[in-house]
Every structure is written in structure tokens, then in C-alpha cells.
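Enquirer: Residues in the sequence shown are numbered consecutively from 1, following UniProt numbering. We treat Cβ as the ideally placed atom computed from N, Cα and C, and that holds for glycine. Predicted model, so just to flag it, every value in this text is computed and none were measured. So that we are looking at the same thing, I have put the structure below in C-alpha cells.
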Amino acid sequence: MVWNCQGWLLRSGGGDEDSKLKDICLSFSLYKLLLLRFSSYSLPKQAHEEAWKLIQHLYAEGNGYERAFRVVELELSFLFDHFYTKYPTIFQQLGLKNKVIELLLLVIGVPVMIGLCFPWYDSNRSQGEVQLATAGGLSIDFLVTAIILTAFTCVELVQFFVMGISEWMKVILLCKYVLNNWWQESKLMEKPIGLICRTQFLKPWERKLRQYSLLESNGQKGSTTTELSSEVKKAVFRSLMANPETWKNGETSLRLNEVEDQLSWACKFETQTQVILVWHVATSMFEHTVPILGSNFLVATNLSKYLAYLIAFYSKLLPDHSSDSEYIFKKVIIEARRLLKGCKTIEERIRKLNKIGKTTKDTGKVIIQGARLGQQLLDVENEPNFIWKVLAEFWAEMMVYVAPSENAIEHAEHLAMGGEFVTHLWALVSHIGIKREPPVE
């Protein structure tokens with residue numbers, strides 16, 4: 001009904017040229033579907049196929065990846081409110097009316113009570129009673145009480161204002177707008193609704209990627225942040241739009257770039273944690289040896305460090321069992337400290353790894369495998385720009401590959417801490433119907 005509404009406010013050629021208002025309703029609908037994941041319900045295959053067509057339709061538009069991520073971002077904000085605020089209760093049929101009545105009683109009742117109590121309180125004071133008072137003779141007790149009640153009323157008014165421009169209120173207003181023809185014909189209704197719906201009072205998630213570099217940190221657990229760039233979103237969404245049945249841990253991108261025979265060995269380890277860390281070490285080596293600024297460089301380095309960050313801090317969001325990931329990561333840190341002992345700078349560590357990659361035999365150690373892969377990338381005869389293209393597409397595919405998860409609760413818990421980029425991808429692949437069995441204990 002929203003897409004078929006002929007009202008000016010929701011027309012693509014009218015007040016909704018960028019489709020942001022329709023997307024509010026779309027995000028709410030997707031949130032309702034995503035909520036089923038937390039109740040162990042599953043949708044029929046046809047529903048996932050329709051969702052896949054919808055995502056493809058969004059991508060087909062200009063900058064469609066930006067719109068798709070905007071829809072998911074708003075969807076996750078509804079999910080956050082569901083778990084961490086009272087909005088789902090307040091915006092039920094009677095909840096909003098009760099809240100309005102409560103606020104009216106408070107706004108009217110507090111001034112009336114203060115006005116009635118002041119003369120009574122003043123006239124009933126004992127003549128011999130000693131009380132603190134202002135220079136004008138007003139009782140401090142009464143003044144403090146009045147200030148507290150007034151402050152409480154102001155806080156409630158601010159909360160009501162924030163609630164009035166929340167995404168939940170926008171959904172209610174847009175639904176009523178669609179159902180009431182006279183609203184669609186009234187500029188007095190359209191203008192305030194449009195103003196409310198385009199007001200973004202609270203900032204969404206910070207839209208940043210946390211970064212961790214094993215070689216730069218020298219094994220210390222610390223992270224930095226970088227902006228989630230449009231180049232990264234575009235690369236990941238392009239990989240997402242490939243046939244979901246072909247998603248692999250980077251092997252598909254290697255095959256398409258015709259380097260599968262040389263490099264696919266680095267995708268065949270027992271766990272995805274090992275694969276990610278091996279490619280992370282190799283990417284870091286190439287980053288500091290052949291730094292060619294550009295979109296592929298940005299995508300490869302940002303996603304490499306982001307996935308390393310997830311392994312180091314939030315391994316429960318990744319496919320392997322968290323205890324396995326933690327064990328492998330700690331083991332790699334010990335290996336790195338031993339092999340790179342005495343190397344004070346990142347340049348010294350890279351030179352040492354280059355030497356290891358050329359001379360050391362395969363020992364099964366992740367850091368040595370990463371050095372071998374890094375040296376192999378440096379030895380490829382093609383131009384460095386081509387290698388950065390290979391790395392960018394590998395990491396984009398890996399990012400999509402690790403997104404499916406049955407651990408919905410873990411993703412919901414991270415919403416309280418601002419959310420993660422991988423959670424946005426998890427929501428997208430959940431609608432498509434891509435699942436992964438939980439890791440075996």
C-alpha cells in the first residue's frame with residue numbers, strides 16, 4: 001500500500017524523491033521478519049526469494065548499495081529499540097494514548113499542585129518554627145520540591161519530544177497517511193509529517209570499521225577506527241550480489257581473477273580463522289611493500305584489518321567456534337613474537353617476513369604461511385594494481401562469506417555497543433535465507 005500511495009508526500013516525483021520515507025516502512029517490515037530469527041521461526045523459501053528480488057531491485061538503482069545499507073541500518077535501529085527501549089510497548093494501540101494522557105496530567109498537574117500548595121504551606125507554618133528561606137522569604141524546602149517536580153516534568157517533555165520524532169512515530173504517521181485520503185489532500189498534514197519523517201535527532205551507529213593489525217601492533221590487543229567508506233560498501237555489496245550458492249571463502253574471486261592455481265592453497269586451512277590470519281599477514285606485507293593508494297588498496301586493507309579485529313575481540317560473530325578462534329589467535333601471537341623478536345619497527349618486521357617467506361619451509365604455522373603467501377604475491381609478474389584488485393575482491397568475498405550466523409543473540413548484544421558492520425551483512429543474508437550451522441563444541 002505504501003508504494004501504491006498517490007499522496008504527494010510518498011510520490012517519487014513529489015516529496016519522496018530519494019525514497020527515504022518509503023524505506024522507513026520497508027525497514028520496519030524487515031525488522032518484523034528479522035525478529036522471527038530470535039523466536040526460532042523460519043520463513044518459507046518463497047519469502048526468502050522475494051526478499052532476494054527486493055535486494056536486487058535496490059541494488060539496480062543508482063548507488064543502490066547505499067540505499068540497501070541505509071535500509072538495513074534503520075532495520076537494526078528498530079531491533080535495538082525492541083531489545084533495549086520501551087518503544088515497542090509505548091507504540092502499541094493504547095500505549096501511545098496512555099503516554100499522552102500521562103504527560104498531559106503531569107504538565108497540568110504539577111503547576112496546579114505547586115500553585116495550590118504554596119499558600120497552604122505558607123499559611124500553615126508554625127510561628128516559632130525555624131526554616132531555611134530565601135531572601136524573599138520563600139521556604140527552601142518548598143523551593144527544592146518545586147524545582148525537582150519542574151525538572152521531572154521537563155525531562156518527560158524532552159523524552160516525549162524524542163519519542164515524537166522516533167522511527168516508530170514516523171511509521172505510525174506514514175501508515176495513517178496512507179490510510180486517510182484526506183491527509184493526502186491536506187498540506188497542513190503533509191508538511192508536519194514530512195518534517196518529522198526527515199528529522200534525524202539521534203545519530204545512528206557510528207559507521208566506522210574497527211581495525212587491528214597483527215604486525216603493526218606487535219601482538220598487543222589494541223584497535224583503531226576508520227570510516228566505513230562507500231568504496232568498501234560497494235565492493236562488499238557487489239560480492240553479495242553474486243549468486244549466493246557460489247559464495248566461498250575467497251576462492252571464487254581467485255578463480256575469476258585467474259590466480260586460483262597459484263593462491264587457492266591459502267584458502268584450504270582447517271578453520272576460517274587460519275585463512276583470515278594468513279591472508280591478513282600477506283596483505284599487511286603487501287601494504288607496506290607496495291602501497292598503491294586507490295579504492296582496491298582501501299577495500300583490501302580496511303577489510304583485512306576489520307576481520308582481524310573481529311578475531312581478536314569478537315570471535316563469536318565469526319563462523320568458527322570462539323574457543324577455537326581464541327586459541328589459534330593466541331598461538332599466532334606467540335609465533336609472531338618469537339619469529340619477529342628483535343624487530344622494533346614495522347619495516348624490520350616486513351623485511352624479516354620477506355626473508356622467512358623466501359627461505360622457510362612449510363611448517364604449518366600461520367605466521368609462516370602468511371609470509372609465504374605475502375612473498376608469493378610480491379613475486380607475481382602482473383602489475384601491483386592487479387594484485388590489489390585480487391586482494392580487494394578476496395576480502396569482499398570473505399566478508400560476505402563469514403556473515404551468515406545462527407548466533408542471533410550475539411549480534412543483538414552488539415547492537416547495545418553501537419553495532420558492527422558484520423551485523424548489517426548478517427541481517428541482509430538472513431533475509432536472503434543463507435544460514436550456517438553453529439560450530440560444533
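Is the beta carbon of C5 less than 9 Å from the beta carbon of Q184?
Expert: The sequence position of residue 5 within the sequence shown is 5, counting from 1. The sequence position of residue 184 within the sequence shown is 184, counting from 1. Going by C-beta atoms, C5 is nearer than 9 Å to Q184.
Enquirer: Taking DSSP as the reference, what is the three-state secondary structure of T199?
Expert: For this step, residue 199 is matched to residue 199 along the sequence shown. Three-state DSSP puts T199 in coil, outside helix and strand.
Enquirer: Based on Cα-Cα distance, which residue from E287, L103, F69 and T153 lies nearest to E425?
Expert: One-based indexing of the sequence shown puts residue 425 at position 425. The residue asked about is misnamed: residue 425 is Leu in this sequence, not Glu. Measuring from the Cα of L425, the nearest candidate turns out to be F69.
Enquirer: Let's test the definition: count the other Cβ atoms within 10 Å of the Cβ of S323 and tell me whether it reaches 16, buried, or not, exposed.
Expert: Mapped onto the sequence shown, residue 323 falls at position 323. Exposed is the call here.
Enquirer: Secondary structure at V130, three-state DSSP: helix, strand or coil?
Expert: As a working mapping, residue 130 is identified with position 130 in the sequence shown. Because V130 sits at a pLDDT of 46, beneath the cut-off of 50, its placement in the model cannot be relied upon, and the following sentence gives the value as read from the coordinates. Coil at V130, not helix or strand.
Enquirer: I need the DSSP call for Q211, collapsed to helix, strand or coil.
Expert: As a first step, residue 211 is located in the sequence shown; it is residue number 211 there, counting from the start. DSSP places Q211 within a strand segment (E or B) once states are collapsed to three.
Enquirer: Could you give the C-beta distance for N302 and T246, rounded to a whole number, given that I count them as a contact under 8 Å?
Expert: As a working mapping, residue 302 is identified with position 302 in the sequence shown. As a working mapping, residue 246 is identified with position 246 in the sequence shown. Actually they do not touch by this definition, with Cβ atoms about 24 Å apart.
Enquirer: Would M285 be called buried (16 or more neighbouring beta carbons within 10 Å of its own) or exposed?
Expert: Taking the sequence shown and counting its residues from 1, one reaches residue 285 at position 285. It counts as buried.
Enquirer: How would you write the range of the alpha helix (DSSP H) that E227 sits in, first residue to last?
Expert: Locating residue 227 in the sequence shown gives position 227, counting from the first residue. Unbroken run through E227 is the beta strand (DSSP E), T224 to E227; no alpha helix (DSSP H).
Enquirer: Are the Cβ atoms of residue 442 and H48 separated by less than 9 Å?
Expert: Nothing can be reported for residue 442: it is not among the residues displayed for the chain, which extend from 1 to 441.
Enquirer: Three or more C-beta pairs closer than 8 Å, one from the stretch 30 to 46 and one from the stretch 73 to 90: is that the case here?
Expert: yes
Enquirer: Using 10 angstroms around the beta-carbon of G357, count the other beta-carbons present and answer buried if the total reaches 16, otherwise exposed.
Expert: On the sequence shown, position 357 is the one that residue 357 refers to. Buried, since its Cβ has 16 or more Cβ neighbours within 10 Å.
Enquirer: Is G7 helix, strand or coil when you go by DSSP?
Expert: In the sequence shown, the residue the question calls residue 7 occupies position 7. Here G7 carries a coil assignment [DSSP, helix/strand/coil].
Enquirer: Do Y177 and L74 have their C-beta atoms within less than 9 Å of each other?
Expert: Walking along the sequence shown from the start, residue 177 turns up at place 177. Walking along the sequence shown from the start, residue 74 turns up at place 74. Going by C-beta atoms, Y177 is not nearer than 9 Å to L74.
Enquirer: Let me check you understand the geometry: is the CB of Q375 closer than 8 Å to at least one non-hydrogen atom of the ligand MG?
Expert: Ligands are entirely absent from the displayed structure, and the ligand MG is therefore not among its contents.
Enquirer: Leaving out five residues on either side along the sequence, give the residues of the same chain with a beta carbon under 6 Å from the beta carbon of T396.
Expert: Here residue 396 refers to the residue found at position 396 when the sequence shown is read from its first residue. Per the sequence presented here, residue 396 reads as Ala, with Thr not at that position. The beta carbon of A396 sits closer than 6 Å to the beta carbons of A235, V236 and S239 from its chain, once the five residues preceding and following it are set aside; these are given in chain order.
Enquirer: Output yes or no for whether 9 Å exceeds the beta carbon distance between L36 and L43.
Expert: For the purposes of this step, residue 36 is identified with residue 36 of the sequence shown, where counting begins at 1. For the purposes of this step, residue 43 is identified with residue 43 of the sequence shown, where counting begins at 1. Yes.
Enquirer: Which residues in the same chain as H411 place their Cβ atom closer than 6 Å to its Cβ, once the five residues preceding and following it in sequence are excluded?
Expert: As a working mapping, residue 411 is identified with position 411 in the sequence shown. Counting only Cβ-Cβ distances below 6 Å, and skipping sequence neighbours, we find T423 and W426.
Enquirer: What separation, rounded to the nearest whole angstrom, lies between the Cα atoms of A60 and L318?
Expert: For this step, residue 60 is matched to residue 60 along the sequence shown. For this step, residue 318 is matched to residue 318 along the sequence shown. If you take the alpha carbons of A60 and L318, they lie about 29 Å apart.
Enquirer: Do E251 and E260 have their CB atoms nearer than 9 Å?
Expert: Here residue 251 refers to the residue found at position 251 of the sequence shown. Here residue 260 refers to the residue found at position 260 of the sequence shown. Yes, the Cβ-Cβ distance between E251 and E260 is below 9 Å.
Enquirer: So for S186, helix, strand or coil by DSSP?
Expert: The residue you call residue 186 lines up with position 186 of the sequence shown. S186: coil per DSSP, three-state reduction.
Enquirer: Excluding the five sequence neighbours on either side, which residues of its own chain have a C-beta within less than 7 Å of the C-beta of I346, listed in chain order?
Expert: Walking along the sequence shown from the start, residue 346 turns up at place 346. Cβ within range, chain order: L215, E216 and H288.
Enquirer: If we ignore side chains and look at the alpha-carbon of each, how far apart do G418 and M169 end up?
Expert: Here residue 418 corresponds to residue number 418 of the sequence shown, with the count starting at 1. Here residue 169 corresponds to residue number 169 of the sequence shown, with the count starting at 1. Between the C-alpha atoms of G418 and M169 there is a straight-line separation of about 22 Å.
Enquirer: So, for G14: in the same chain, excluding its five sequence neighbours on each side, which residues have a beta-carbon less than 6 Å away from its beta-carbon?
Expert: Position 14 of the sequence shown, counted from the start, is the residue given in the question as residue 14. Cβ within range, chain order: W8.
Enquirer: Below 8 Å CB to CB, which residues in the same chain sit around A416 once its five sequence neighbours on both sides are set aside?
Expert: Numbered from its first residue, the sequence shown carries residue 416 at position 416. Same-chain partners within the cutoff: F80, F83 and Y84.
Enquirer: As a quick exercise: from Q92, L377 and L21, pick the residue whose alpha carbon is nearest that of V71.
Expert: Here residue 71 corresponds to residue number 71 of the sequence shown, with the count starting at 1. Measuring from the Cα of V71, the nearest candidate turns out to be L21.
Enquirer: Would you give the residue range spanned by the alpha helix (DSSP H) that Q92 belongs to?
Expert: Mapped onto the sequence shown, residue 92 falls at position 92. From DSSP, Q92 is part of no alpha helix (DSSP H); its letter is neither H nor E.
Enquirer: What separation, rounded to the nearest whole angstrom, lies between the Cα atoms of T89 and L377?
Expert: Start at 1 with the first residue of the sequence shown, and residue 89 comes out as number 89. Start at 1 with the first residue of the sequence shown, and residue 377 comes out as number 377. One C-alpha to the other measures close to 56 Å.
Enquirer: Measuring only the C-alpha atoms, how far is S12 from A403?
Expert: Position 12 of the sequence shown, counting from 1, holds the residue named residue 12. Position 403 of the sequence shown, counting from 1, holds the residue named residue 403. Linking S12 to A403 through their CA atoms gives a straight-line distance of about 33 Å.
Enquirer: Quick check on G194: buried or exposed, where buried means 16 or more other Cβ atoms within 10 Å of its Cβ?
Expert: Walking along the sequence shown from the start, residue 194 turns up at place 194. So G194 ends up on the buried side.
Enquirer: Hey, Y228 and K208 are a contact pair by Cβ (cut 8 Å); roughly how many whole angstroms apart?
Expert: Position 228 of the sequence shown, counted from the start, is the residue given in the question as residue 228. Position 208 of the sequence shown, counted from the start, is the residue given in the question as residue 208. According to the sequence shown, residue 228 is Leu rather than Tyr. Confirmed, Cβ separation roughly 6 Å.
Enquirer: Out of E156, M399 and A312, state which residue places its alpha-carbon closest to the alpha-carbon of L104.
Expert: Working through the sequence shown from its first residue, we reach residue 104 at position 104. Relative to L104, the option among E156, M399 and A312 whose CA is nearest is E156.
Enquirer: Applying the criterion that 16 or more other CB atoms from any shown protein chain within 10 Å of the CB defines a buried residue, is W144 buried or exposed?
Expert: Your numbering for residue 144 matches position 144 in the sequence shown. Before going further, note that residue 144 is Val rather than Trp in the sequence given. Result: exposed.
Enquirer: In whole angstroms, give me the CA-to-CA distance for S325 and S315.
Expert: Within the sequence shown, the letter at position 325 stands for residue 325. Within the sequence shown, the letter at position 315 stands for residue 315. Their Cα atoms are separated by approximately 6 Å.
Enquirer: Grouping DSSP H, G and I as helix and E and B as strand, with all else coil, what is R238?
Expert: Sequence index remark: in the sequence shown, residue 238 carries index 238 (1-based). Three-state result, R238: helix.
Enquirer: Within 10 angstroms of the Cβ of F329, are there 16 or more other Cβ atoms? Answer buried if so, exposed if not.
Expert: The sequence position of residue 329 within the sequence shown is 329, counting from 1. By the 10 Å Cβ count, F329 comes out buried.
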